[in-house]
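Colleague: Quick one: the structure is below, questions incoming.
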Amino acid sequence: MNVLGIESSCDECAVSLVRDGKEILSNVVFSQIEDHKVFEGVVPELASRLHVEAIVPAYRLALNQSGLKSSDIDGIAVAIQPGLVGSLLVGVNFAKSLAQSLGKPLIGVDHIVAHLYAPHLEYSISYPYLGLLVSGGHSMIVKVLRFDQMEVLGASIDDACGEAFDKVAKFYGLGYPGGKAIDDMAKMGDPTAFLFPKPSLYKGAHTYDVSYSGLKTAVTAQRAKFLRPGREDNLPNLLASFQKTAIDLLLIKLKKAVQDTGITRVVAGGGVAANSYLRATLKEQKGWLVYYPSIDLCTDNGAMIAGLGYHYLHSGISHTLDLSVRSRVPGFKMTQ
Ligand code: KG4
Ligand code: ZN
Numbered sequence: 047m048n049v050l051g052i053e054s055s056c057d058e059c060a061v062s063l064v065r066d067g068k069e070i071l072s073n074v075v076f077s078q079i080e081d082h083k084v085f086e087g088v089v090p091e092l093a094s095r096l097h098v099e100a101i102v103p104a105y106r107l108a109l110n111q112s113g114l115k116s117s118d119i120d121g122i123a124v125a126i127q128p129g130l131v132g133s134l135l136v137g138v139n140f141a142k143s144l145a146q147s148l149g150k151p152l153i154g155v156d157h158i159v160a161h162l163y164a165p166h167l168e169y170s171i172s173y174p175y176l177g178l179l180v181s182g183g184h185s186m187i188v189k190v191l192r193f194d195q196m197e198v199l200g201a202s203i204d205d206a207c208g209e210a211f212d213k214v215a216k217f218y219g220l221g222y223p224g225g226k227a228i229d230d231m232a233k234m235g236d237p238t239a240f241l242f243p244k245p246s247l248y249k250g251a252h253t254y255d256v257s258y259s260g261l262k263t264a265v266t267a268q269r270a271k272f273l274r275p276g277r278e279d280n281l282p283n284l285l286a287s288f289q290k291t292a293i294d295l296l297l298i299k300l301k302k303a304v305q306d307t308g309i310t311r312v313v314a315g316g317g318v319a320a321n322s323y324l325r326a327t328l329k330e331q332k333g334w335l336v337y338y339p340s341i342d343l344c345t346d347n348g349a350m351i352a353g354l355g356y357h358y359l360h361s362g363i364s365h366t367l368d369l370s371v372r373s374r375v376p377g378f379k380m381t382q
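Residues in the sequence shown are numbered consecutively from 47, following the working numbering.
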């Protein structure tokens with residue numbers, strides 16, 4: 047079964063064809079990063095307009111690279127939530143038109159659930175597992191019971207982990223998005239050079255929650271030291287210490303979730319899952335079975351949408367043309 051996946055929730059216009067939820071036939075990602083860079087963040091109105099320009103060329107290229115004809119497509123999956131509404135609408139309306147004109151089923155999927163599906167494109171992973179979803183908009187620890195069943199154990203009560211990376215990078219002039227730049231610079235620094243405070247979210251509903259706003263403030267408050275001549279070389283130390291603290295916050299909660307649930311299979315997904323310190327530390331955990339996607343499948347892509355869409359289609363689930371989009375999802379502890 048060949049499923050087309052469309053992803054337009056933020057600043058990537060991505061279209062992919064995936065066979066049987068596993069084999070990536072094509073994976074086109076038109077990134078808007080260069081267009082948003084000048085504003086040091088994503089401008090929603092600009093993002094929607096760029097999606098309108100990119101969606102048809104992205105579809106044509108994905109189809110071309112897959113070697114398939116449009117009549118070979120068995121279903122059209124599209125990200126419907128969470129994300130920027132104007133951007134999501136471009137992908138969803140294109141998916142509806144295509145589904146209607148080809149006479150094929152339409153499947154709306156959740157972007158967050160799809161991020162955790164990404165490693166399934168490369169590995170055979172059984173359920174249940176604990177999912178660590180870390181992206182620019184979300185930081186969540188979830189229990190995944192099936193491809194379409196997920197229970198949120200904890201989340202950030204304020205900023206997302208990726209957002210903290212982006213804001214710190216912006217503050218220290220490393221550009222947008224900042225996750226990769228911090229990751230690279232942190233490799234030259236000492237992660238124990240600075241001791242940043244960790245939030246005390248240990249009890250009740252907050253047992254598995256994290257928080258990043260305090261850490262962000264603490265890291266940016268160090269700036270005065272770098273304005274003094276001769277101290278610039280401290281930046282790699284600062285960033286390495288920030289990165290360690292930001293990732294350790296999640297790992298502390300993840301370890302607790304593993305202990306409490308007895309589930310030792312752990313799957314990471316989302317842009318921050320590309321972080322080298324996170325990947326190395328996850329692999330070090332004794333007794334855990336850890337999966338994370340290849341770097342290009344960590345950030346937004348259409349293959350994860352198509353892969354997840356296949357399972358809905360295979361279970362006989364599809365949606366009607368009144369499918370709508372949502373910026374937030376009730377029940378998810380959201381940060382934006
Ligand atoms: O999943 P994604 O592409 O978009 C959202 O759904 O939000 O994630 C983008 C986020 C950005 O915040 C970016 O800075 C972060 O992922 N990111 C990283 C790394 N690569 C991307 N964060 C830390 N280390 C990295 N190597
Ligand atoms: Zn994403």
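Glycine included, every Cβ here is placed at the ideal spot set by N, Cα and C.
(1) Shorter than 7 Å, the distance from the beta carbon of Thr345 to the closest heavy atom of the ligand KG4, or not?
(2) DSSP state of Ser55, grouped into three classes?
(3) Three or more beta-carbon pairs under 8 Å between the region 221 to 236 and the region 90 to 108, yes or no?
(4) By DSSP, does Gly219 sit in helix, in strand, or in coil?
(5) Which value, in whole angstroms, describes the spacing of the CA atoms of Ser364 and Arg269?
(6) Return the bridge partner residues of Leu152 from the DSSP annotation.
(7) Starting from the C-beta of Cys56, find all residues in its chain whose C-beta is less than 8 Å away, skip the five residues before and the five after it, and write them out in chain order.
(8) What's the C-alpha gap between Phe288 and Phe240?
(9) Which of the three DSSP states, helix, strand or coil, is assigned to Lys301?
(10) State buried or exposed for Cys59, treating a residue as buried only when at least 16 other CB atoms are found within 10 Å of its CB.
(11) Tell me, to the nearest whole angstrom, how far the beta carbon of Asp194 is from that of Tyr358; I am working on the premise that it is less than 8 Å.
(12) Can you grab the Cα-Cα spacing for the pair Lys150 / Val98, in whole Å?
(13) Go to Glu197, then tell me how far its beta strand (DSSP E) extends in each direction, as first and last residue.
(14) Go ahead and pull the three-state DSSP assignment for Arg106.
(15) By the three-class DSSP mapping on this structure, what secondary structure does Tyr175 have?
Modeller: Once the coordinates are examined:
(1) yes
(2) coil
(3) no
(4) coil
(5) Going from the Cα of Ser364 to the Cα of Arg269 covers about 52 Å.
(6) Ile122, His365.
(7) Val88, Ala93, Gly129, Leu130, Ser133, Gly182, Gly183, Asp346
(8) 8 Å
(9) helix
(10) buried
(11) 7 Å
(12) 22 Å
(13) 195 to 201
(14) helix
(15) strand
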